[in-house]
Amino acid sequence: MRRILIVLIGIFAGQLLNAQAVNRVIKPFPFTFSHCIGARNHSVYLGIQKNQFFETGREDAYVYKLNSSNLATIDSIKLNGLVNGGASNLAVSLWDIQKYEDGILILSSAQDTGSGSCTNIATALTKLDSNLNVLDEVIISEPGTNIQLGTMTIESDFILLGGYITYCDTNLYSAGIGFVNRSSNKLAWTDIGQKFPSSKPRQESLNPSMVNGNLIANFWPQYGPDFYSNYIIDTSFSILDSGSIIDPASGMYPNTLQSHGRFIQTSNGMYQIGNSRSFFDSLPFIPQRLGYWNIGIAKLDSSGNVTKLDTLPLSGFDFQTSEKISSGLFFEIDAIDYSNLDSVLIIQGVNQIGQYNYTSKDTTPFTLISYNLNSNTLNWQKFISTPLTNSYQNIARLSNNHIAISFNEFDWRSDSLPNLRVQVWIFDEFGNVLSTRHFHQNLRSSIYPNPANSHIYLDFPNSSTNLGYEIRDLKGAILKKGSFQDNRSGLYIQDLNAGTYLLLIPELHFSELFIKK
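So in the UniProt record's numbering, the last spot in the sequence shown is 517, and the numbers never skip.
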């Protein structure tokens, strides 16, 4: 087993007592791509970074704290110097945000784009309080090695990580699992892929969970259809058992679970939720393979075998694809526990369309589903479609059983930055839309001075005149409203109390915090 150098920085042992919100001067919305959303109480935490398809180079990443009732921005923090010491060529990606203890936990990776032919990647767990103050961080890295753990499951005793590792000297892929023991503050990690036969190359572990004191994880390959298994692993990383993920009743055309699912423990046993792929041919490796994608809900036995696989059509119909063998998996699912009703929330869509020919609409609709596992019944289903292409949908549950989702929108007819944006929607527990907001990269507008005493000015194009504005407090209440006549007009703010406020200009898709001294 290859030894991994683990750089540990304060393994969640430190505490910041009575941490308060910090008045940070927040610049206009910097990038327009999101891969994760989290929630704590009545606040939404949105991860923001550059879009890897349209923007290159150094990538700072941000976490925005939003009010869940009106989605107004409360605060934000830039995560660009925490991983790898803040190298000048660092590209940071945020993979997951979850509620943790009294704050939130962020899973991220950082790629050193200036390191030569091997782009070294490190993985980090960063603990923040609810006011976005950094408390602690754990970093996993090794020179000449890319360690990318992109899934996180928080259990009562462990934080479980899944992903893969590549070695620059051999360019080999290997699955990996890591976990933090929450009681002893001990991090363990293994290159578990080297425990598997060499006939199963380029594997990745996804969404490991705990079952009966051991770990269960699904391992799938980077290339080719997924006929591999779930594995039961003890906390010393010894493989105890394995289970088939093929539906035993599927016959000659295998109906198998794919990646991007979750393991859910209910009062009736263990379930696995993922993509279900039904192949028209039984040969796993051919240049193109035709089949249908569905949502798969599988009941597992104690060894991780699929005993029954139920499917739900994607977005109310089957997605038929002709998949090139060299392409990755572009469908994804995020499922979370929901209340105590043995029900789960599932959001399903696509994260890229470049490698596929769809028989469905190019706008790539997606579906939000509430499903009761024990009774095998659909509580409700929400079909979502917008005029643009949607991708990388994510979901988080608020404390009042409301639901926050984020997704990215692209106009593939024009790849200029103004055509990229992030949508955040809030639903009630029955799937009704309560509020929406889209985040659009603002290329030219900014408030100055900031902080300010008597007046603030907005730098925007000369052609923009008579723009309506609102000034809100951090609870979302409107304190002032009116219009700018032109970009030389100042806005009087001396009558405001000292503090932080939000300026909104809907026509420019502009929102920015400013500080009144």
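Beta carbons are placed, not taken as given, at the ideal position from N, Cα and C, and that holds for glycine.
Asked                                                                                                                                                : Found
Alpha carbon to alpha carbon, how far is Gly269 from Tyr469?                                                                                         : 53 Å
Just grab the DSSP bridge partners of His438 for me.                                                                                                 : Gln423
Residues bridged to Gly213 by DSSP?                                                                                                                  : Looking at the DSSP assignment, Gly213 forms no beta bridge with any residue, so it has no partner.
Please name the residue, chosen from Phe237, Lys517, Ser267 and Asp310, that lies closest to Gly274 on a Cα-to-Cα basis.                             : Asp310
Hey, how far is the Cα of Ser205 from the Cα of Ile159?                                                                                              : 15 Å
Between the Cα of Asn230 and the Cα atoms of Ala217, Ser238 and Gln494, which residue gives the shortest distance?                                   : Ala217
Quick check on the burial criterion: 16 or more other C-beta atoms within 10 angstroms. Buried or exposed for His455?                                : exposed
For His455, which residues does DSSP report across the bridge?                                                                                       : Tyr492
Give the secondary structure of Ser76 by DSSP, where H, G and I count as helix, E and B as strand, and everything else as coil.                      : strand
Could you spell out where the beta strand (DSSP E) holding Leu388 opens and where it closes?                                                         : First-last for Leu388: undefined, no H or E at that position.
Can you give the Cα-Cα distance for Ser69 and Gly499, rounded to whole angstroms?                                                                    : 21 Å
Please classify Ser267 as buried or exposed, where buried requires at least 16 other C-beta atoms within 10 Å of its C-beta.                         : exposed
Would you report the Cα separation of Lys324 and Phe219, rounded to the nearest angstrom?                                                            : Low local confidence applies: a pLDDT of 36 at Lys324 is under 50, so the model's placement there is unreliable, with the coordinate-based value given in what follows. Approximately 21 Å between the Cα atoms of the pair.
If I follow the unbroken beta strand (DSSP E) through Cys36, where does it start and stop?                                                           : Cys36 to Arg40
Please state if the CB of Leu149 and the CB of Ser435 are separated by a distance shorter than 8 Å.                                                  : no
From Lys475 to Leu66, what distance separates their C-alpha atoms?                                                                                   : 10 Å
How about the stretch 125-138 and the stretch 99-106: do they share at least three Cβ pairs that are nearer than 8 Å?                                : yes
Name the residue from Thr73, Asp75, Ile74 and Tyr45 whose alpha carbon lies nearest to the alpha carbon of Trp95.                                    : Tyr45
Looking only at C-alpha atoms, which of Asp301, Val180 and Tyr164 sits nearest to Ile232?                                                            : Asp301
Return the CA-CA distance between Ile139 and Leu496, expressed in angstroms with no decimal places.                                                  : 43 Å
How would you write the range of the beta strand (DSSP E) that Ala61 sits in, first residue to last?                                                 : Ala61 to Asn67
Determine, using beta carbons only, whether Leu513 and Thr235 come nearer to each other than 8 Å.                                                    : no
Where His402 and Cys168 are concerned, what is the direct C-alpha to C-alpha distance, given to the nearest angstrom?                                : 45 Å
Can you list, in chain order, the residues of its chain whose CB lies under 8 Å from that of Gln494, leaving out five sequence neighbours each side? : Asn453, Ser454 and His455
Name the DSSP beta bridge partners of Ala122, please?                                                                                                : Ala110
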